[in-house]
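Counting from 1, position 75 in the sequence shown corresponds to residue 78 in our numbering; the numbering is continuous, with no gaps. Ideal placement from N, C-alpha and C gives every residue a C-beta, glycine not left out. Computed from a predicted model, the values in this text were never measured in an experiment.
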Amino acid sequence: MFCYCAQARRLARVLTARYDMALAPADLTAAQFETLSLLQAVGTSTGRVLAERLLLSKTTLSRNVKPLIDAGLISARQGDEDARQTLYVLATKGRQRLAKALPLWQAAHNASLEMLGASAAPSQHALQQMTQALR
């Protein structure tokens, strides 16, 4: 019996392990790379928006950003208009780490595409469609 959920979880574990291994020389995990990349793209972001964009709960986001804050890769501060909000921004050290990690990520990405061969583009499209449809 085929189960989309089980297969997606297996795929996520396999891909995460590959990208974690590739990003290890930059001392980042795939989840950390994704968070830093998103912050670089959007600039300052509230925790709520960041969690929504990463498809994480606010609790998981808090747990994920703590090591990044502790390492000085991102900074967090209270919101200007609402002190209950937390605003996150990519720090200079985070930009530097991301620059170091980007070629490592690109190599892992290229290797994954090569392994998928001709099915890469349709697979990418199918994954994006499923993610959007099931949100």
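query	result
Euclidean distance between Cα positions of Val68 and Ala124	32 Å
Straight-line Cα distance separating Thr38 from Leu57	7 Å
Ordered list of alpha helix (DSSP H) runs contained in the region 60 to 91, each at least 4 residues	61 to 73
Inter-residue spacing [alpha-carbon to alpha-carbon] between Ser122 and Ala111	17 Å
Presumed contact (8 Å Cβ cut-off) between Ser78 and Val92, rounded CB distance	5 Å
CB of Ala54 within 9 Å of CB of Thr63, strictly	yes
CA-to-CA distance, Leu59 to Leu31, given in whole angstroms	18 Å
C-beta atoms of Thr134 and Leu90 nearer than 9 Å	no
Beta bridge counterpart(s) of Ser126 as assigned by DSSP	BP columns for Ser126 are empty, so no partner.
Through-space distance from Arg80 to Leu14, alpha-carbon basis	36 Å
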